[in-house]
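Q:
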Amino acid sequence: MPPRGESITLSELRRRIEAGALTREEIPLYFEPDEKKSKLFAPALKLTKRVDKEGRRPSARSVTTLYFDAEAKLAGTDVPRSGRARTTIAAAKMKVLAEGDSWFRLPNLFYPDDMVDVLRKTYDIPKLAMWGDEIGVMVTTKKNNYLVPLRSGLYRHFMFSGGGNDVLASVGTHVKAFGAAGTDPADAESYIKTSFGTALDTVIGHYSTLAGHVRSVSNPKPVLYVHGYAHARPRPGGGYLGSKFEVLGFDAAGSLARKIVAAMVDRFNVRLKAFASAQNAAHPDYKVVYVNLRPAFTAAADWNTDEIHPSSAGAAKAAALMGDRIAENVPVA
Numbered sequence: 231m232p233p234r235g236e237s238i239t240l241s242e243l244r245r246r247i248e249a250g251a252l253t254r255e256e257i258p259l260y261f262e263p264d265e266k267k268s269k270l271f272a273p274a275l276k277l278t279k280r281v282d283k284e285g286r287r288p289s290a291r292s293v294t295t296l297y298f299d300a301e302a303k304l305a306g307t308d309v310p311r312s313g314r315a316r317t318t319i320a321a322a323k324m325k326v327l328a329e330g331d332s333w334f335r336l337p338n339l340f341y342p343d344d345m346v347d348v349l350r351k352t353y354d355i356p357k358l359a360m361w362g363d364e365i366g367v368m369v370t371t372k373k374n375n376y377l378v379p380l381r382s383g384l385y386r387h388f389m390f391s392g393g394g395n396d397v398l399a400s401v402g403t404h405v406k407a408f409g410a411a412g413t414d415p416a417d418a419e420s421y422i423k424t425s426f427g428t429a430l431d432t433v434i435g436h437y438s439t440l441a442g443h444v445r446s447v448s449n450p451k452p453v454l455y456v457h458g459y460a461h462a463r464p465r466p467g468g469g470y471l472g473s474k475f476e477v478l479g480f481d482a483a484g485s486l487a488r489k490i491v492a493a494m495v496d497r498f499n500v501r502l503k504a505f506a507s508a509q510n511a512a513h514p515d516y517k518v519v520y521v522n523l524r525p526a527f528t529a530a531a532d533w534n535t536d537e538i539h540p541s542s543a544g545a546a547k548a549a550a551l552m553g554d555r556i557a558e559n560v561p562v563a
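Residue numbers (the numbering used here): 231 to 563.
1. Taking 8 angstroms as the threshold, find out whether the stretch 389-399 comes into contact with the stretch 457-466 through three or more Cβ pairs.
2. What runs of the alpha helix (DSSP H), each 4 residues or longer, lie entirely inside the stretch 379-417?
3. How is the beta strand (DSSP E) around Leu252 delimited, first residue to last?
4. Please work out which residues of its chain come closer than 6 angstroms, Cβ to Cβ, to Phe340, disregarding the five sequence neighbours upstream and downstream, and give them in chain order.
5. Could you give the uninterrupted runs of the beta strand (DSSP E) lying entirely in the stretch 421-486, keeping only those of 3 residues or more?
6. Residue range of the alpha helix (DSSP H) that Tyr297 falls in?
7. Between which two residues does the alpha helix (DSSP H) harbouring Leu551 extend?
8. How about Arg381 and His461: are their beta carbons less than 8 angstroms apart?
9. Express the C-alpha separation of Pro452 and Ala548 in angstroms, rounding to a whole number.
10. Return helix, strand or coil for Val518, following the three-state DSSP convention.
11. Just reading off the beta strand (DSSP E) that Gly285 is part of, what are its end residues?
12. Please report the residue range of the beta strand (DSSP E) in which Gly330 lies.
13. Determine the extent of the alpha helix (DSSP H) in which Leu349 is found, giving its start and end residues.
14. According to DSSP, is Glu262 helix, strand or coil?
15. Leaving out five residues on either side along the sequence, give the residues of the same chain with a beta carbon under 6 angstroms from the beta carbon of Asn499.
16. Count the other CB atoms within 10 Å of the CB of Thr535; is the residue buried (16 or more) or exposed (fewer)?
17. How close, in whole Å, do the beta carbons of Leu384 and Lys323 come, if the pair is a contact with beta carbons under 8 angstroms?
18. Does the distance from the CB of Glu301 to the CB of Pro337 come in under 8 angstroms?
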């Protein structure tokens, strides 16, 4: 085994991760963000030059999975994708299930705290959410990730985060070019194509599927919490939003680009709130709680520099809003 912090072969790195022998301090020596392969809501990682790849060319997905395993091992008794309490202290906390995308889970060592990082200080939340997961996949091929723990009878509260790719990642698809016919710089809504409404129809359809899954659980009947993200902030040259606006002829730092993003996010929130209301009316025995996170983001400092994720401060404010709604739905003894 090489001395800690020095060069290491990929095979040895895998062995040490599997054995739980890689320390928190060493992980950044062997892994780093891969800006070229990162996608919206799906940050990718790559191996550093300290790792001898032994002639192999591991994919970004395989490297990210390896990092995920290393991070999971650091948690000790925390078992990913299970409902078991991590420690005796955690067992005393109220159990909450959280499935979703990068707003609920980011690589711990390279990004600010996410909402679930903050909420774990109050609740026992297993590591279920995963950056890069898309809502269409989560509610179909990966549905057992949340259905199995829900059916264990341990969870009365289920938070879900999904649809961000369809809302924020779609700027290049659903926004008209600057100066296009029928647009008005004074009206951000005029730049949003009708196709965006169709995309939202698909997302809400996935939420309906999710709600149906939750209603299949009866002991106890879980409360489902959903949110619609917030007004992300494009930046000049930004890999996720800014560059897409610039290709369309916008000033990424200008107010119009920001207003267009806000309008798209607002449309999603309107649809999600209406979805929750309709579900509650149709199925009064089950509750869907829509959580508006937009009021948590009042300044640029509430956003990470990557344009689309909260800073640690923003995550704390958003988590407080979510925590308030959970507290409102805790049965009084």
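We put the CB at the ideal spot given by N, CA and C, even for glycine.
A: Quick answer:
1. yes
2. 394-397, 401-404
3. Unbroken run through Leu252: none, as it is neither H nor E.
4. Pro263
5. 453-457
6. 290-304
7. 542-558
8. no
9. 21 angstroms
10. strand
11. Neither: Gly285 is in no beta strand (DSSP E) and is coded neither H nor E.
12. 327-330
13. 345-349
14. strand
15. Gly458
16. exposed
17. In fact, because the Cβ distance is near 12 angstroms, the residues do not count as touching under 8 angstroms.
18. yes
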